[in-house]
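Each remark here refers to the structure printed beneath this line.
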Amino acid sequence: MDETVHSQEAPAKARVRKSKTPVVQTTTRTNDPARTMAGILEVATAEFAEKGLSGARIDEIAAATRTSKRMIYYYFGSKEGLYLAVLEESYRRMRSIEAELHLEDLLPEDALRRLVGFTFDHHHSNPGYIRLVMSENMERGTYLAQSKIIQQLNVPAIDAIRKLYERGVAAGIFRTGLDPIDIHASISALTFFNVSNQHTFGLIFKSDTQSGRAMTARRDSIIEMIVRFVRK
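All you need for our numbering is the position in the sequence shown, starting with 1, plus 141.
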């Protein structure tokens, strides 16, 4: 989703290598704030996902983006403000991709299968997103609670489920009495766990849960579970 280049400054490069934070070329010109903010958000996302709020360092982000702490604070106010912006952007990206699924063009059950499959694939391909959500849960949702847009960002996700569910009920395919938010929670729980607990689960049960074959089987299983839960 983004472009990365290596810093030419040896000390900064060494620090980035240690923190696993990507180096992003940004501009410090105030006449291109969108590009500057996007670069900062990209690097900050990796930094916060890797280390959480308490472990992340603004110095690392500034070095990797070749900006300054002063500029980061100018745009985001504080470390906590940057962290919140990262959370909001992570949710915005996911919802933006969801909107491109065109679920309304599919039959209800096919739409549900596509949504569940997409969610599984997104989580598997974006472990940083999962770590960010886990980090904010460790913070007890303190910073998302301060967001003025997080509810609006997630309204389309619930509306999409509500619409496909209501179409399924009207067609006599889905059973009545289900809450779209509960359906969303069930999809999230099953697909989230596959990433958040992959290391401990695989270790405890001596199983390679991340092999291609295992991932395909798990994906199919989760889709089938959700469909059977909703189906009449």
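Glycine is no exception: its CB is placed at the ideal position from the N, C-alpha and C atoms. Fair warning: this is a prediction, and the values are worked out from it, not measured in the lab.
Asked	Found
Contact under 8 Å by Cβ, residue 332 with residue 283	no
Continuous alpha helix (DSSP H) stretch holding residue 318: start and end	Element bounds for residue 318: n/a, residue is neither H nor E.
Distance, residue 352 Cα to residue 187 Cα	24 Å
Cα-Cα separation between residue 207 and residue 311, rounded to whole angstroms	56 Å
Beta-carbon gap between residue 316 and residue 371 smaller than 8 Å	yes
Residue of 234, 177, 236 and 243 minimising C-alpha distance to residue 211	177
Cβ neighbours of residue 277 in the same chain (closer than 7 Å, five flanking residues each side left out)	228, 284 and 285
Through-space distance from residue 226 to residue 219, alpha-carbon basis	11 Å
Nonlocal neighbours in the same chain, by C-beta distance under 6 Å from residue 217, ignoring five residues either side	223 and 226
Straight-line Cα distance separating residue 298 from residue 249	15 Å
8 Å CB neighbourhood of residue 114 in its chain, flanking five on each side removed	Examination of residue 114 is not possible in this model, given that the chain is present from 142 through 373 alone.
Exposure label - residue 241; buried when at least 16 CB within 10 Å	exposed
Helix, strand or coil at residue 360 according to DSSP, with G and I counted as helix	helix
Neighbour-count burial assignment, residue 279, 16 or more Cβ in a 10 Å radius	exposed
Which listed residue (275, 252 and 365) has its alpha carbon closest to that of residue 303	252
Span separating the alpha-carbon of residue 324 from that of residue 363	13 Å
Residue 200: first and last residue of the uninterrupted alpha helix (DSSP H) it sits in	199–206
Limits of the unbroken alpha helix (DSSP H) element including residue 108	Since the first residue of the chain shown is 142 and the last is 373, residue 108 is not available in this structure.
Identified DSSP bridge partners for residue 233	BP columns for residue 233 are empty, so no partner.
For residue 175, the nearest candidate out of 201, 202 and 213 (CA to CA)	213
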